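Protein sequences, first through last, are from chains A and B. Throughout the first sequence, residue numbering follows the numbering used here, covering 41 to 152 in sequence. Throughout the second sequence, residue numbering follows the numbering used here, covering 52 to 165 in sequence.
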Amino acid sequence: KQEVTQIPAALSVPEGENLVLNCSFTDSAIYNLQWFRQDPGKGLTSLLLIQSSQREQTSGRLNASLDKSSGRSTLYIAASQPGDSATYLCAVPSGNTGKLIFGQGTTLQVKP
Amino acid sequence: EPEVTQTPSHQVTQMGQEVILRCVPISNHLYFYWYRQILGQKVEFLVSFYNNEISEKSEIFDDQFSVERPDGSNFTLKIRSTKLEDSAMYFCASSLRGLGYEQFFGPGTRLTVL
C-alpha cells in the first residue's frame, strides 16, 4: 500500500532564503509525482508534475526533483517571498485509475 | 484557461439530511474524482469515475455516498444521510486520461454538518 510522507510538517524562513521541501513514498513503481499548493481554506493548485522518466522539472522559482529508486522527491523554492506562504502537498498516483495518495503537507511561512 | 468549478463553496446542513455537491470538470477530460479533507488531516481519495461508471472507490465511499454525471458537464457527489463526521472540505478533480495524467482540482466545497 502506497504511503506518502512529507518532512518537515512546518517551516518558517526569512524572506529571500532558498528552501527545500521533502516528500517520500514507499512504493517506487509510480508514473509521476505531483506537487500542489494549498492556501488556508482553499483548493489545491497544481505546481509541478514530474514524470517517472524525469529527474527534474522547473517552473519559475520552483524546481522539483524525483529519485524513484530511493522513493524521494524534493521541491526547491528559490528566493522565497511572503507570497509563497502556504501548505505544499505532494501526491503520487496509485491503482489503475490514477487516484492520488497525498502526503500530509509542509506548511511554509515566509517572514518579511 | 480551463478550470474545475464547484458549487456551493460552503454548505451547512443538519445531521441526517441529504446533500448534493456539484462539480463541473474541464470539458475534454474523461476521468473524474472526488476527494475529501477533514480539517487538519490528509487529502483522501473517495471515488473515481470514468465512462459513466465508478472505476474505483475507497473504504470511505459506502452506501451513503453516490456519484452521478447527469449531463455532459456536471459531476455530482450525493451524501444521503449526513453524519457529523462527514464535515470536511470536498474536492472534485479531473484529468484528461487518468493514470499518468495531471489532475486538476476545483476550489472545494466546505461541508459543515450540525
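Where a beta carbon is used, it is the ideal one built from N, C-alpha and C, also for glycine. Just so we're clear, the structure is a prediction, and the values are computed from it rather than from any experiment.
- For the C-beta of A:Tyr71, the chain B residues within less than 7 Å are, from N- to C-terminus, Leu150 and Gly151.
- Within the same chain, and ignoring the five residues on either side of B:Arg148 in sequence, the residues whose Cβ sits closer than 8 Å to its Cβ are Leu81 and Tyr82.
- At least one beta carbon of chain A lies nearer than 8 Å to the beta carbon of B:Glu107.
- By the neighbour-count criterion, in which 16 or more other beta carbons inside 10 Å mark a residue as buried, B:Asp137 falls on the buried side.
- Look at B:Glu104 here: in three-state DSSP terms it is strand.
- Short of 6 Å from the beta carbon of B:Leu128, and not among the five residues preceding or following it, lie these beta carbons of its own chain, in chain order: Leu72, Trp85 and Val118.
- Interface criterion met: the Cβ of B:Val94 is under 8 Å from a Cβ in chain A.
- DSSP, reduced to helix, strand and coil, places A:Glu55 outside both helices and strands of the structure shown, so it counts as coil.
- Pairing A:Arg101 with A:Leu87 gives a Cβ-Cβ distance that is not under 8 Å.
- Taking the beta carbon of A:Leu102 as reference, no residue of chain B falls within 8 Å; the closest one sits roughly 15 Å away.
- In the structure shown, the three-state DSSP call for B:Glu136 is helix.
- A Cβ of chain A is located within less than 8 Å of the beta carbon of B:Tyr101.
- Taken through DSSP and simplified to helix, strand or coil, A:Asp107 comes out as strand.
- Residue-level contact by beta carbon fails for B:Gly67 and chain A, as no gap is shorter than 8 Å.
- Secondary structure of B:Pro158 (DSSP, three-state): coil.
- Under the Cβ criterion of 8 Å, A:Asn62 is not counted among the residues facing chain B.
- B:Asp114 and B:Gly91 have their C-alpha atoms roughly 26 Å apart.
- In terms of Cα proximity to A:Gly83, the closest of B:Leu135, B:Gln57 and B:Pro53 is B:Gln57.
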